[in-house]
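Using my numbering, the letters of the sequence shown correspond one by one to residues 35 to 463.
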Amino acid sequence: MKQIKNITILHLNPNNQIKAQLESNYKASYPEAIFEIYDLSEYNIKNCIGCWNCWVKTPGRCVHRDKLSECYFAIINSDICVFSHEVKNGFLSGNSKTCMDRLIPLFHPHIKIVNNEMMHYERYASMPQMHYAYSLAPNEKELAQREINCLEGYFFRCNEHFRAKGMMHQLNADSIISSKDTMTRISPIIPEKMKNMSSPISSSSKIAIYNGSPRSTASNTTLLVEQFKKGLLIEGILEEQIEVHNLSQISKHEEIASKFYDVDYHMFIMPLYVHSMPGIVKHFIDAVESKTSDNKNNISPKVGFFVQSGFKEGYQSFYCRAALETICIHNDWIYSGCGIKGGMEGLRLTPEKANAKIYSAFNQLGSYFAKNGYLSSDILDELIKPVHLTKSLKLAFTLLPNKLIQLYWDSQMKKNKVIEQSYAQPYKK
35 MKQIKNITIL
45 HLNPNNQIKA
55 QLESNYKASY
65 PEAIFEIYDL
75 SEYNIKNCIG
85 CWNCWVKTPG
95 RCVHRDKLSE
105 CYFAIINSDI
115 CVFSHEVKNG
125 FLSGNSKTCM
135 DRLIPLFHPH
145 IKIVNNEMMH
155 YERYASMPQM
165 HYAYSLAPNE
175 KELAQREINC
185 LEGYFFRCNE
195 HFRAKGMMHQ
205 LNADSIISSK
215 DTMTRISPII
225 PEKMKNMSSP
235 ISSSSKIAIY
245 NGSPRSTASN
255 TTLLVEQFKK
265 GLLIEGILEE
275 QIEVHNLSQI
285 SKHEEIASKF
295 YDVDYHMFIM
305 PLYVHSMPGI
315 VKHFIDAVES
325 KTSDNKNNIS
335 PKVGFFVQSG
345 FKEGYQSFYC
355 RAALETICIH
365 NDWIYSGCGI
375 KGGMEGLRLT
385 PEKANAKIYS
395 AFNQLGSYFA
405 KNGYLSSDIL
415 DELIKPVHLT
425 KSLKLAFTLL
435 PNKLIQLYWD
445 SQMKKNKVIE
455 QSYAQPYKK
């Protein structure tokens, strides 16, 4: 067994008792180790902006220069890296999720098949053990078992893609409640069967559509938002009934969040980021509960979601779907369904005619939502295909030269004259 010499701890929960307890436990378990400890709990980590500079302009290096960027060197050169996460509203807090998003530079954009799934190539030959401690934010109620299952499934999924060993610990202020390794497969929570809750959108109803892409309007998500909105308009919903919000505009979160319970129907459309919702989406959800905790008026808004990703198979977004449904249950929102679509990376680069099928499906999804107040399971069942990689897709990855499959990313690196540094490891000692 490899000797543990260096341990890095990143604190994202502001609870000082949690910090002290976690450090004490690890120092007792590894008395010979050298510790590097970073307290990010009172610091607003800069959100990933989806620029992909860390892949195509400065390979392996994040564009941001902030307190988290100072931690990359310690993370990569540790034997164990411990992320001490804060849990809010049924999932990681916005700051915790943003921290996970900002690990994207540690991946390489190229794709290969691992265990019959698409995964990114490793940038570093070996990763540290990645440990996750999780504990409730101040003033949060007790974690439900579903929330625990959802969090542990997410941590498993992260380590599966990082090809990293690790542990996960549930903590409270007094002790470590439970510990598990991340090597044992944890399947995503199966969504609850949608209930027949037809509630047509009336002429007096308000609808909010949230663009959850960190790339804002220059994104694939924007195209899907436009097509979903078009479906609403086809059914006679008036333009003035619909509000579209770009969640990349963090400065507007509190203003939008304060009116959340004045809106009848909500639809979040987002890309998959490090196996769940982007940090900006969770930041907004946390802002909703913070700004409206005393102003809910016993209203349960109807909330739907759609997650798109560049991975071909729909299964990649199952852990994210589980988190989104769990958040609805936690906040007493009426869950209106969650759609999934893979293979969307090149949507903006593809001629509109070639996108006609997906655009038509989103028009239909918006139309159905207007007439019923929730997402059509029949349309979602079609969009999610393929759930897993088909034999033909796996064969294509086996037979086609890697450069053909990765043409887009390589062309961007060539354009920026960094193709020779494609697999750079800027944080390796």
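Yeah, the Cβ is synthetic: ideal placement off N, Cα and C, and Gly gets one too.
Remember, predicted model here, so these are calculated numbers, not experimental data.
- Between lysine 391 and isoleucine 418 the beta-carbon gap is near 14 Å, outside 8 Å, which marks them as no contact.
- A check of alpha carbon separations from isoleucine 361 across Ser237, Asn397, Pro225, Thr216 identifies Pro225 as the nearest.
- Rounded to the nearest whole angstrom, the CA to CA distance from isoleucine 71 to asparagine 78 is 17 Å.
- Assigned with DSSP and collapsed to three states, tyrosine 461 falls in coil, not helix or strand.
- In this model, glycine 200 and lysine 91 are separated by some 31 Å (Cα to Cα).
- DSSP, reduced to helix, strand and coil, places histidine 98 outside both helices and strands of the structure shown, so it counts as coil.
- Counting only runs of 4+ residues, the alpha helix (DSSP H) found wholly inside the segment 175 to 252 occupies 179 to 196, in chain order.
- With fewer than 16 other beta carbons inside 10 angstroms of its own, glycine 270 counts as exposed.
- The beta carbon of threonine 432 is closer than 7 Å to none in its chain, skipping five residues each way along the sequence.
- A contact is defined here as three or more CB-CB pairs under 8 Å, and the segment 353 to 368 fails this definition with respect to the segment 379 to 393.
- In the structure shown, the three-state DSSP call for glutamine 163 is strand.
- Contact check between the segment 266 to 283 and the segment 106 to 120: fewer than three CB pairs, one atom from each, fall below 8 Å, which does not count as touching.
- Counting only the Cα atoms, lysine 80 lies some 25 Å from leucine 56.
- Secondary structure of tyrosine 369 (DSSP, three-state): strand.
- Per DSSP, the continuous alpha helix (DSSP H) segment holding phenylalanine 431 begins and ends at 425 to 433.
- Closest in C-alpha terms to aspartate 412, from the list Asp298, Gly373, Ser239, comes Gly373.
- The shortest CA-to-CA distance from serine 232 to any of Ala404, Lys36, Asn59, Ser456 is the one to Ala404.
- In this model, lysine 293 and tyrosine 244 are separated by some 13 Å (Cα to Cα).
- Within its own chain, the residues whose Cβ lies closer than 6 Å to the Cβ of glutamine 455, once the five positions on either side in sequence are excluded, are Pro93, listed in chain order.
- With contacts defined by Cβ atoms closer than 8 Å, glycine 246 and methionine 301 do not form a contacting pair.
- Per DSSP, glutamate 269 is not a residue of any beta strand (DSSP E), being assigned neither H nor E.
- Taking a C-beta distance under 8 Å as the contact criterion, leucine 137 and valine 308 qualify as a contact pair.
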